[in-house]
Every structure is written in structure tokens, then in C-alpha cells.
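The next block holds one structure in the form of C-alpha cells; read it before the comments.
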Amino acid sequence: KELFHPYYIGNIIYIGIFIALRYTTDVFEHPDMATHTGTTRESMLYFCLIIVGMTKYLNAMSIRYWIGDMLMFAKLVIVALALIVSYKLFIWFLLGYIILFLVVEQPRPVIEDHKVQYLDSQSFPASITKAKKSNKMWVVFFYVRWIPQCTYFSPIFEKLSNEFHHENLQFARVDVDRWSSVAKEMNINTGYNTTQLPCVILFDKGKPIKRIPEIGKSIKSYKLDQDSMAIYLNLATQLKKAIERTMEREEEIKKLQKKKNHKKRRSKSNDSN
Numbered sequence: 524k525e526l527f528h529p530y531y532i533g534n535i536i537y538i539g540i541f542i543a544l545r546y547t548t549d550v551f552e553h554p555d556m557a558t559h560t561g562t563t564r565e566s567m568l569y570f571c572l573i574i575v576g577m578t579k580y581l582n583a584m585s586i587r588y589w590i591g592d593m594l595m596f597a598k599l600v601i602v603a604l605a606l607i608v609s610y611k612l613f614i615w616f617l618l619g620y621i622i623l624f625l626v627v628e629q630p631r632p633v634i635e636d637h638k639v640q641y642l643d644s645q646s647f648p649a650s651i652t653k654a655k656k657s658n659k660m661w662v663v664f665f666y667v668r669w670i671p672q673c674t675y676f677s678p679i680f681e682k683l684s685n686e687f688h689h690e691n692l693q694f695a696r697v698d699v700d701r702w703s704s705v706a707k708e709m710n711i712n713t714g715y716n717t718t719q720l721p722c723v724i725l726f727d728k729g730k731p732i733k734r735i736p737e738i739g740k741s742i743k744s745y746k747l748d749q750d751s752m753a754i755y756l757n758l759a760t761q762l763k764k765a766i767e768r769t770m771e772r773e774e775e776i777k778k779l780q781k782k783k784n785h786k787k788r789r790s791k792s793n794d795s796n
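Going by this note's numbering, the letters in the sequence shown line up with residues 524 to 796, in that order.
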């Protein structure tokens, strides 16, 4: 059923057009395809695609996202082949690549009723970094749409929010590609070669107290599954702390109310005298 998603249909059509042109016409028969070694640039690109595919498979988070990576690299190979043949063909295939990139994204599992809030460049500092007197702790997921690992981690983060959410332990996400000022404030690299995304930071009273990955480290050093992330962030302890803060706050309110009632009784006693 998922194969009928626009993402897969669009990619299948794109690659299908290339296959039809390659094997039913002479469009890709060009002298520049040959190299001085006797091999062709086409076979060299296919070989590179196979090597990349094998490498990616060994480090893949799931088959779903390995397929997504391979579709992307296959399209890049097609664009490169088109560039060798003619600029006109290159422009058409590059345009198709850009349209697919902008219009459709790889589907991900949908987690119903998750507790994750969406923050922007204004609500992020207002709710978190400037809220230094707040009792709330925040777990914030920083992401961009075009990195497969961010897409993969999104439903995992939503599951974490359902498991550990509390009034004093909130979960949120920020698109740092769109809200670049937040990325700059949190020292998150959003360049095409970044190894810092997805990034998750735990805040307490406006200050970051835990960060994955740590500054200077790669996200590849961490496992992005639900249990591992809960351990990295020590969420069970954070939830316990959040509950204790609520209890302490309730106790403070009771004491204030008791003190207020005592003053009222004293006032009534003085009035009667």
C-alpha cells in the first residue's frame, strides 16, 4: 500500500523515463561515454552506485530509508549521465529531480495523538531559553526535511513524547532549515554535509543540560531507536523529577492557602473582639 505513495510513484516514473530513453532510443549513445581505459562512464557510475548501496545498507537504520537513499543516489547518477550526453537532457532531468525533491517527501509512520509541539523562531525562546524561572523541562528535536535520518527519527521522537510527557516535561520540534536563527543560537550546523542532525537537546530552566549529539561529535555515534534515546537522555529520571516538581508546587499552594485561611480566621477573630 505504501508503494502507491506519491514519493515512490514519482521516483518510479522518473527512473522509468530514463530506462525507456536509455534502452529504446540512441539518446545516451555518445562518444563522451567512453574512457581511455576502455570502460564507459556509465558502467563506472553504476559501479559507484552499487558500492554506495552496499555501504549504506551496512549502516542503514531501516530498509525503508535505505530504499529512500538509493532512489536519491540513482537519480543523481541519471543526472550525471544526462550531463555527459547533452546540456538539454541534463536540464530536463535536473528539473525533474528538483521538482521531486520539493514536492514529495519520503513517507513515514504516523503516530496518532503524540505530545510534540511545533515551535518557531519566536515561540522557541519564549517557551524555553528565556523561560528561566519555569519549572518545565523541554526535550527539543531539531531537524530538516531533506535529511533521511530526521524523517526516520520523527516517529520515534513522537513515541517518546507519548511515553514520557508530563506537564513539567514537554516535547517539541523545530525545523532549523526554516528557522535558521534557532540553529545559529543552538550552534547546530545545517549545511549539506552536516553530521549534527537530527539533534535532540534537553533543557531545564532555559539551559541545555543534555545534547545528542554533543558538540563536535557525529549523530552516527548514537543509536536512534526509542530505548537508546530514552537512556541517552535519562528520560525516566527526568519524568520522576517532573512529577516531584508538580508535587512540590502543589505542596507550596497548600501551604499558601493554609496561611491565607489562617490570616482570615485571625482577622475575623480581631473583628469580633
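For glycine and all other residues, C-beta sits at the position ideal for the given N, C-alpha and C.
For this session: Look at His-528 and Val-626 and say whether their C-beta atoms are less than 9 Å apart.
Result: The residue labelled residue 528 in the question sits at position 5 within the sequence shown. The residue labelled residue 626 in the question sits at position 103 within the sequence shown. Cβ distance not < 9 Å, so His-528 and Val-626 don't count as in contact.
Problem set entry | Start-end ranges of the beta strand (DSSP E) lying completely within the segment 636-687, minimum 3 residues | Entirely contained in the segment 636-687, the beta strand (DSSP E) runs reaching 3 residues are, in chain order, 639-641, 660-666.
Exercise. When the distance is taken between beta carbons, is Phe-680 closer than 9 Å to Pro-736?
Worked result: Your numbering for residue 736 matches position 213 in the sequence shown. Your numbering for residue 680 matches position 157 in the sequence shown. By the CB criterion at 9 Å, Pro-736 and Phe-680 fall outside the cutoff.
For this session: State the start and end residues of the unbroken alpha helix (DSSP H) segment that holds Val-697.
Result: Here the question's residue 697 lines up with position 174 in the sequence shown. Here Val-697 belongs to no alpha helix (DSSP H); instead the beta strand (DSSP E) covers 692-698.
For this session: Tell me whether Ala-695 is buried or exposed, calling it buried when 16 or more other Cβ atoms sit within 10 Å of its Cβ.
Result: Position 172 of the sequence shown, counted from the first residue, corresponds to residue 695. When all chains shown are included, Ala-695 counts as buried.
For this session: Assign Asp-727 to buried or exposed, taking buried as 16 or more other Cβ atoms, counted over all protein chains shown, within 10 Å of its Cβ.
Result: The residue labelled residue 727 in the question sits at position 204 within the sequence shown. It is buried - the Cβ of Asp-727 has at least 16 other Cβ atoms within 10 Å.
For this session: Going by CA-CA distance only, name the one from Lys-579, Tyr-546, Leu-623, Val-602 that's closest to Met-593.
Result: Numbered from 1 along the sequence shown, position 70 holds the residue referred to as residue 593. A check of alpha carbon separations from Met-593 across Lys-579, Tyr-546, Leu-623, Val-602 identifies Lys-579 as the nearest.
For this session: Report the three-state DSSP secondary structure of Val-723 (helix, strand or coil).
Result: In the sequence shown, counting from the first residue as 1, residue 723 sits at position 200. Correct three-state label for Val-723: strand.
Problem set entry | Nearest-angstrom Cβ-Cβ length linking Leu-568 and Leu-604, presumed shorter than 8 Å | Working through the sequence shown from its first residue, we reach residue 568 at position 45. Working through the sequence shown from its first residue, we reach residue 604 at position 81. The pair is a contact, with the Cβ atoms about 6 Å apart (cut-off 8 Å).
Problem set entry | Where the beta strand (DSSP E) containing Pro-731 begins and where it ends | Walking along the sequence shown from the start, residue 731 turns up at place 208. Annotation for Pro-731: the continuous beta strand (DSSP E) segment containing it runs 730-735.
Problem set entry | Collapsed DSSP secondary structure at Thr-718 in the structure displayed | Looking up residue 718 in the sequence shown gives position 195. The answer is coil: DSSP assigns Thr-718 none of H, G, I, E or B.
For this session: Sort out for me which residues DSSP pairs His-689 with in a bridge.
Result: One-based indexing of the sequence shown puts residue 689 at position 166. For His-689, the beta-bridge partners assigned by DSSP are Leu-692.
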